[in-house]
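As given, the protein sequences belong to chains A and B, one line each in that order. For the first sequence, the tail end lands on 125 under this note's numbering, and the numbers increase by one without skipping. For the second sequence, the tail end lands on 125 under this note's numbering, and the numbers increase by one without skipping. Each residue gets a CB set at the ideal place from its N, CA and C atoms; glycine is no exception. Since the model is a prediction, treat every value here as computed from it, not as a measurement.
Number of protein chains: 2
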Amino acid sequence: MKCVIAEFQQEQKKRMRAVQDSMDVLNGKWKISIISSICCYKKRRFSDILNDIEGISNRMLSKELKELEINQLVKRTVLDTQPISVQYELTEHGDTLQTIISNLTDWGIVHRKKIVGEKCPVLIG
Amino acid sequence: MKCVIAEFQQEQKKRMRAVQDSMDVLNGKWKISIISSICCYKKRRFSDILNDIEGISNRMLSKELKELEINQLVKRTVLDTQPISVQYELTEHGDTLQTIISNLTDWGIVHRKKIVGEKCPVLIG
DNA sequence: CTGAATCCAGATGGATACTG
DNA sequence: CAGTATCCATCTGGATTCAG
């Protein structure tokens, strides 16, 4: 019996580490917004993303994009324009985040209603 | 046509804000692990969670639990024991996170394989 | 246009000690 | 047991400037 419990706890530790792994990738103030923006338009340039996301600085956008690239979620392509522009798109692996993004979107809407909705529904619109 | 595009962008902004809302709640170094721990055992005491999560300090656990409580994800109950103990459980609203946690878990496993798995599969086990 | 570099304030979080 | 209080190092991220 003790063995079963130990196994259960072991499994749970694995699960927690897995979720944590996901969060490590997704953490960062803007990461999800960036993915969401790229995903929404399929291909998106640096300056476009900069405009999509209210309040982000180019420093942060650059930094977070680099991290996403390292994690193989985003592919970076330099376009031979004048001046040069850079195009970002999700990798296949990045695409697999869509379900999660979608779930987070739905949950976020419900949560906002739950927390402030009753008192201040206008904030939602 | 311009109107359609504008509407589309407006929708996208709403989606991004919704995801961001979710992340605001879920951000914090330990929040997901805490939820995962409570969720796994249904009811869990402070010191038990402290043991479940490797590396967390009581200061952090206390702080993050408080935030989760404010966001109505977790319910706190003081038990009349000697010495007192405190039990935490997910609220109904907190329960709705299970899908997301589950997805994040699955994705985390895949992601770890993707990033380090090929070179160092032993890290996964 | 797409970043990189620098500076700097404020937030985050660990260690430790203390309380009811 | 379940926190709180304090100190302090590190990290985060904004503003600005510079470069290819």
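- The DSSP-derived three-state label of S37 (chain B) is helix.
- The alpha-carbon of I70 (chain A) is positioned some 43 angstroms away from that of T77 (chain B).
- Taking 8 angstroms as the cut-off, the beta carbon of L26 (chain B) is found closer than this to the beta carbon of I32 (chain B).
- Per DSSP, the beta-bridge partners of K75 (chain A) are A:E89.
- The beta-carbon of I56 (chain B) is placed no less than 8 angstroms from the nearest beta-carbon of chain A.
- In this structure, D52 (chain A) places its C-beta atom within 8 angstroms of the C-beta atom of S37 (chain A).
- Under the Cβ criterion of 8 angstroms, K66 (chain A) is not counted among the residues facing chain B.
- Note that the C-beta distance between A18 (chain A) and T99 (chain B) is not below 8 angstroms.
- Against chain B, the CB of C40 (chain A) has a partner CB under 8 angstroms away; the residue lies at that interface.
- Within the same chain, and ignoring the five residues on either side of Q20 (chain A) in sequence, no residue has its Cβ closer than 7 angstroms to its Cβ.
- Of the other Cβ atoms in all chains shown, fewer than 16 fall within 10 Å of the Cβ of L79 (chain B); this residue is therefore exposed.
- Within the model, the alpha-carbon separation for W107 (chain B) versus Q82 (chain B) is close to 42 angstroms.
- For K114 (chain A), there is no enclosing beta strand (DSSP E), since its DSSP letter is neither H nor E.
- DSSP, read as helix, strand or coil, puts K29 (chain A) in coil.
- The residues V25, I35, L90, T91, H93, G94 and L97, in chain order, have a CB closer than 8 angstroms to that of L73 (chain A) in the same chain once the five nearest residues on each side in sequence are set aside.
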